[in-house]
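Residue numbers (this note's numbering), protein chains in the order written: chain V, 1 to 345; chain Y, 1 to 345.
Glycine included, every Cβ here is placed at the ideal spot set by N, Cα and C.
Only a predicted model underlies this, so the values are computations on that prediction, with no experimental measurement involved.
The structure appears below as structure tokens.
In structure tokens:
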């Protein structure tokens, strides 16, 4: 059950970050480093990109997964590199997303395409992918190289799938979940189970971590899609909060979980929403607002939160086979963090 | 000595391709294959991209290098994959270049950004890089993964360097050669010496092939830069020929070998050229034409061809340590092919 307005304590990642604090600092130091040459302009851009912040959720998943599956809960240099390259791939895809969407702001700061231009942004995205490839090579682990190669493909395929289904009112749940895997969960899962592979873990443990990452990632994407609908209540009432324009997915004709639930509900509201999307009225402010209102007064938001919770529960269940440790608990607490984002809006 | 208008026989790649015909066909079949998912739209785009043609020079370098350094001149599946991924990286960078330059045409056909849009082009470039990563993983060879990671970085760094030096009249030869390595020679060299690595060759042979690829690539880039100046004579006189607008580099303030030579020559013409660039008059048609005329009537073109020939000779000398074979001869003949492009204009 959602209780809007109550900010949950678990929305704070700090206790989880503290579990792997030294490693997170090393990741941070690596991230802004130019691994390719000594071009000062590139170095400056890298610093700007990474100083803009971000939750560093993906490095956290890698480091916690590494410790939770490591001998005596220890991890080494390889896990730091894995955490770095996972964040590099995520950041590269954000830089290209901002070009694709012609976005001016990201996390409240000017995007590379806005501050410089599209040329620089396309190249810097490529350069971040290249830095990730260099890190990947340093792992000297062919299976992990294969996993990340597929992730890169999934990221593009997920975006292309989303683009092709815009305003397609017949988009189904399978398409939605597959797209969420491609866009988000594939990378989460690569990070979690590659961390176990680097520890030389047995197949059962590796598969458990793979499934954990997948479920956590789908949960994350569902919550993100929910915030695209509910975020307005938040940003109206207090500073900070959601920094991207609310209703953006709907405006672009991207049919996410709340929309799918609202469409499936039946009745006059569903019909009207269908018409708003089919006739692309959601592109305009008035149609967009009307669509958001229909979704908000339906049970769609509650059902979306329940769906996200199901994936969160599955993620925790996946790792029940791991030996008890603060890191295993941390991985489970990550699901609470993600769900608390939904509840605080 | 350049003899404009004489089309050299060695401008035909066919005899070299025939040396590795079966393998080149396998490369062609792989190139249009979607390794990521069964999305029909992506499959269609891949076919379009690769059916648009291209000389397949990079796969040819890989396959000839593989045979020239292979036991009994044999190569296997790994060399096919290496050839494929080398062409994938090249193609990905072209797709992104066309976005960056807002180009409408490539090899006489509509670019992805023109035919679809920039979103699709950015994503398809990323997807091609992802396909290359998947191929790279299949090689199961960490040193080769490292070499290609660095190439990806060099490609971006080379483009960024070029962008930062636009209209910079003080750009020097070192900057020019470094940029040529990043943009072109780094990938040529990765292909040639990785082919030797996959054959388990000794260090001397690997280094010889590395240097060969580097020299061949620099030679190729110099000739390409020369065609940007001299290409107009060709496209005016007969169908086909150079398909990109002549003088494009100069228009963008990119200082290539012919420009550097013309600037260094001294005298009134050099001074005028400097002014045309510094005051960005080369951006306009009149200034561009005047600049091209100054370069063409100087000794810059001849000197540029001599410089390219020096790198071609070095490339052939590099591989003199290889045992005699038609493939070693083919590698040397590649330098003649590249130089013949310069001479035919």
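Minimum C-alpha distance to residue i - residue among the options
| i | options | result |
| --- | --- | --- |
| residue 35 (chain V) | V:137, V:111, V:70 and V:117 | V:137 |
| residue 97 (chain Y) | Y:162, Y:62 and Y:146 | Y:162 |
| residue 362 (chain V) | V:121, V:168 and V:157 | Given that chain V is displayed from residue 1 to residue 345, the structure contains no residue 362 (chain V) and the question cannot be resolved. |
| residue 119 (chain V) | V:106, V:102 and V:107 | V:102 |
| residue 157 (chain V) | V:143, V:140 and V:184 | V:184 |
| residue 20 (chain V) | V:223, V:343, V:331 and V:112 | V:331 |
| residue 223 (chain V) | V:180, V:276 and V:264 | V:180 |
| residue 300 (chain V) | V:278, V:340 and V:266 | V:266 |
| residue 219 (chain Y) | Y:105, Y:17, Y:315 and Y:260 | Y:315 |
| residue 134 (chain Y) | Y:111, Y:37, Y:94 and Y:108 | Y:37 |
| residue 306 (chain V) | V:286, V:226 and V:278 | V:226 |
| residue 122 (chain Y) | V:139, V:92, V:143 and V:296 | V:92 |
| residue 328 (chain Y) | Y:109, Y:312 and Y:67 | Y:67 |
| residue 46 (chain Y) | Y:108, Y:77, Y:311 and Y:125 | Y:125 |
| residue 29 (chain V) | V:41, V:53 and V:15 | V:53 |
| residue 257 (chain Y) | Y:286, Y:285 and Y:295 | Y:295 |
| residue 77 (chain V) | V:334, V:140, V:159 and V:310 | V:140 |
| residue 74 (chain Y) | Y:326, Y:311 and Y:268 | Y:326 |
Where the alpha helix (DSSP H) containing residue i begins and where it ends
| i | result |
| --- | --- |
| residue 186 (chain Y) | 186 to 198 |
| residue 35 (chain V) | Neither: residue 35 (chain V) is in no alpha helix (DSSP H) and is coded neither H nor E. |
| residue 306 (chain Y) | 300 to 318 |
| residue 12 (chain Y) | No alpha helix (DSSP H) contains residue 12 (chain Y), which DSSP labels as neither H nor E. |
| residue 171 (chain V) | Element bounds for residue 171 (chain V): n/a, residue is neither H nor E. |
| residue 288 (chain Y) | 285 to 297 |
| residue 260 (chain V) | 257 to 264 |
| residue 339 (chain Y) | 326 to 343 |
| residue 100 (chain Y) | 77 to 100 |
| residue 126 (chain Y) | 118 to 139 |
| residue 157 (chain Y) | 142 to 164 |
| residue 53 (chain V) | Looking at the DSSP string, residue 53 (chain V) is not in any alpha helix (DSSP H), and its letter there is neither H nor E. |
| residue 59 (chain V) | 57 to 69 |
| residue 270 (chain Y) | 267 to 278 |
| residue 182 (chain Y) | That residue, residue 182 (chain Y), is in no alpha helix (DSSP H); it is neither H nor E in DSSP. |
| residue 281 (chain Y) | No alpha helix (DSSP H) contains residue 281 (chain Y), which DSSP labels as neither H nor E. |
| residue 322 (chain V) | That residue, residue 322 (chain V), is in no alpha helix (DSSP H); it is neither H nor E in DSSP. |
| residue 113 (chain Y) | 112 to 115 |
Chain-order list of residues whose beta-carbon lies under 8 Å from that of residue i (same chain, five-residue window excluded)
| i | result |
| --- | --- |
| residue 292 (chain Y) | 229, 232, 246, 247 and 250 |
| residue 89 (chain V) | 128, 129, 132, 148, 151, 152, 155 and 187 |
| residue 13 (chain V) | 55, 57, 60 and 337 |
| residue 217 (chain Y) | 180, 181, 184, 185, 186, 187, 188 and 189 |
| residue 205 (chain V) | 69, 196, 321 and 322 |
| residue 94 (chain V) | 106 |
7 Å Cβ shell around residue i - same chain, five flanking residues per side excluded
| i | result |
| --- | --- |
| residue 288 (chain V) | 247, 250, 251 and 282 |
| residue 50 (chain Y) | 31 and 32 |
| residue 270 (chain V) | 262 and 263 |
| residue 104 (chain Y) | 110, 111 and 114 |
Partners in chain V for residue i, counting only beta-carbon separations shorter than 7 Å
| i | result |
| --- | --- |
| residue 99 (chain Y) | 122 |
| residue 164 (chain Y) | 41 |
8 Å Cβ cut-off: residues of chain V touching residue i
| i | result |
| --- | --- |
| residue 129 (chain Y) | 126, 129 and 152 |
| residue 96 (chain Y) | 122, 123 and 126 |
Any non-hydrogen atom of the ligand FMN within 7 Å of residue i CB
| i | result |
| --- | --- |
| residue 154 (chain Y) | Because no ligand of any kind appears in the structure shown, any question about the ligand FMN cannot be addressed here. |
Beta-carbon neighbours of residue i, restricted to chain Y and to distances below 8 Å
| i | result |
| --- | --- |
| residue 157 (chain V) | 36, 37, 39, 42 and 127 |
Neighbour list for residue i in chain Y, Cβ cutoff strictly below 9 Å
| i | result |
| --- | --- |
| residue 148 (chain V) | 133 and 137 |
| residue 142 (chain V) | 137, 138, 139, 140, 141, 142 and 145 |
Close Cβ partners of residue i (< 6 Å) along its chain, the five nearest in sequence each way excluded
| i | result |
| --- | --- |
| residue 86 (chain V) | 58, 62 and 191 |
| residue 324 (chain V) | none |
| residue 4 (chain Y) | Confidence in residue 4 (chain Y) is poor, its pLDDT being 42 and thus under 50, which makes the residue's placement unreliable; the coordinate value appears in the next sentence. Contacts found: none. |
| residue 43 (chain Y) | 34 |
| residue 171 (chain V) | 165 and 255 |
| residue 70 (chain Y) | 199 |
| residue 65 (chain V) | 192, 195 and 209 |
| residue 212 (chain Y) | 192, 315, 318 and 319 |
Neighbour flag for residue i against chain C, beta carbons, 8 Å
| i | result |
| --- | --- |
| residue 161 (chain Y) | In the structure shown, chain C does not exist; the protein chains are V and Y. |
Within chain Y, the residues that residue i reaches when beta carbons sit closer than 7 Å
| i | result |
| --- | --- |
| residue 119 (chain V) | 100 and 163 |
| task | Examine the Cβ distances between the segment 73 to 83 of chain V and the segment 24 to 32 of chain V and report whether three or more of them are shorter than 8 Å. | result | Short answer: they touch.
| said: Is it the case that the segment 193 to 203 of chain Y contacts the segment 169 to 179 of chain Y, given that we only count it when at least three CB pairs across the two stretches are under 8 Å? | reply: Pairwise C-beta distances place the segment 169 to 179 of chain Y out of contact with the segment 193 to 203 of chain Y, as fewer than three of them are shorter than 8 Å.
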